[in-house]
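Undergrad:
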Amino acid sequence: MMERFAEASPRFKARMAGVSYLLGALTSLFGQMLVLGMFVVSGNATATAINILSHESLYRLGFVSSLMTVPFHIVWAVLFYGLFKPVNRSISLLAGFVMLMGCVMWALSSLFYLAPLLVLQGTISLSAFAPEQLQAFALILLKLNALAYDIGLVFFGLWCVLIGYLIFRSTFLPRIIGLLEVLAGLGYLTLLWQPLAHYLYPYNLALAGPGEISLLLWLLVKGINILE
0 MMERFAEASP RFKARMAGVS YLLGALTSLF GQMLVLGMFV VSGNATATAI
50 NILSHESLYR LGFVSSLMTV PFHIVWAVLF YGLFKPVNRS ISLLAGFVML
100 MGCVMWALSS LFYLAPLLVL QGTISLSAFA PEQLQAFALI LLKLNALAYD
150 IGLVFFGLWC VLIGYLIFRS TFLPRIIGLL EVLAGLGYLT LLWQPLAHYL
200 YPYNLALAGP GEISLLLWLL VKGINILE
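Residues 0 to 227 in numbering that gives the first Met the number 0 are what the sequence shown lists, from first letter to last.
1. Would you decide whether GLY156 is buried or exposed? Buried here means 16 or more other CB atoms lie within 10 Å of its CB.
2. Terminal residues of the continuous alpha helix (DSSP H) containing ILE223?
3. What residue range does the alpha helix (DSSP H) around TRP158 cover?
4. Using beta-carbon positions only, say whether ALA16 and TRP75 come within less than 8 angstroms of one another.
5. What number of angstroms, rounded off, separates the C-alpha of LEU110 from the C-alpha of LEU57?
6. Determine, using beta-carbon pairs with one atom in the segment 163–173 and one in the segment 145–155, whether at least three such pairs fall under 8 angstroms.
7. Are GLY186 and LEU214 closer than 8 angstroms when you measure CB to CB?
8. Apart from the five residues on each side of it in sequence, which residues of its chain come closer than 8 angstroms, Cβ to Cβ, to TYR200?
9. At which residues does the alpha helix (DSSP H) containing LEU35 begin and terminate?
10. Rounded to whole angstroms, how far is the Cβ of LEU179 from the Cβ of PRO130, which I believe are closer than 8 angstroms?
11. Could you check where the alpha helix (DSSP H) with TRP105 kicks off and where it finishes?
12. Pick helix, strand or coil for HIS197, following the three-state DSSP scheme.
13. Taking the beta carbon of LEU161 as the centre, do at least 16 other beta carbons fall within 10 Å, making it buried, or is it exposed?
14. Cα separation between ALA13 and TRP217?
15. Can you tell me whether GLY42 is helix, strand or coil according to DSSP?
16. At the level of alpha carbons, what is the spacing between GLN193 and ILE176?
Written out as structure tokens, the structure is:
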């Protein structure tokens, strides 16, 4: 099976990259944005804890979805490396390494995602703390989840810049997509400095839309055609 996949056409690999791109984005958005957006009440540890414990199954589903984004992004990174290696092997390898670092941060954020539930349920024994302290600790863990996730997005932003450059230099994808992908990466890179990111929000993250959507649709619908 692996030999057949290795011998598959570049167009097929590009479409597989598009599928993993889509699945990675959907699982990330569902777990980190939709589910946590429903549960976390900013500045209110008690309400947040009640929401988590009252909807444990949905919260666990959000954790699984958040964690599953990691393997999808790894597959995505490997496929993109193979596709763009003919353009520039060194930059393609660097992009793959950068995406791997982002995946490490997203895996770490998933641990911080699950930890509040374990603390609130008493699975992790912290009997010395009062319920109010446990709720506050759970909210801190969720903030660490958000921080680790944002750091992962910074690495993802750098990946977008590198891939955008490779797309622009390639002959098998429209150059405009490369430029849009670079802009998307620059938007994510503002998360390096949170005050700047908050000041520019939501316009900094809105930059990601045109680049990511155009690249995703092109890969899914058109793929690429490299003569090997």
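All C-beta atoms in this analysis are idealised placements derived from N, C-alpha and C, irrespective of residue type, glycine included.
The structure presented is a predicted model; accordingly, all values stated were derived computationally and were not measured.
TA: Quick answer:
1. Looking at its Cβ environment, which holds 16 or more other Cβ atoms inside 10 Å, GLY156 is buried.
2. It is not in any alpha helix (DSSP H) - ILE223 carries neither H nor E in the DSSP assignment.
3. Bounds of the alpha helix (DSSP H) holding TRP158 are 130–168.
4. A distance below 8 angstroms separates the beta carbons of ALA16 and TRP75.
5. Per the coordinates, the alpha-carbon of LEU110 lies some 16 angstroms from the alpha-carbon of LEU57.
6. Using a Cβ-Cβ distance cut-off of 8 angstroms, the segment 163–173 and the segment 145–155 are not in contact, since fewer than three pairs of beta carbons, one from each stretch, lie closer than that value.
7. No, the pair does not count as a contact, with Cβ atoms beyond the cut-off.
8. So the list is empty, once near-sequence residues are dropped.
9. Per DSSP, LEU35 belongs to the alpha helix (DSSP H) from 35–38.
10. The distance from the Cβ of LEU179 to that of PRO130 is about 49 angstroms, inconsistent with a contact at the 8 angstroms cut-off.
11. Element bounds for TRP105: 88–120.
12. The three-state secondary structure of HIS197, taken from DSSP, is helix.
13. Per the 10 Å Cβ criterion, buried.
14. Approximately 9 angstroms between the Cα atoms of the pair.
15. Coil.
16. Approximately 27 angstroms between the Cα atoms of the pair.
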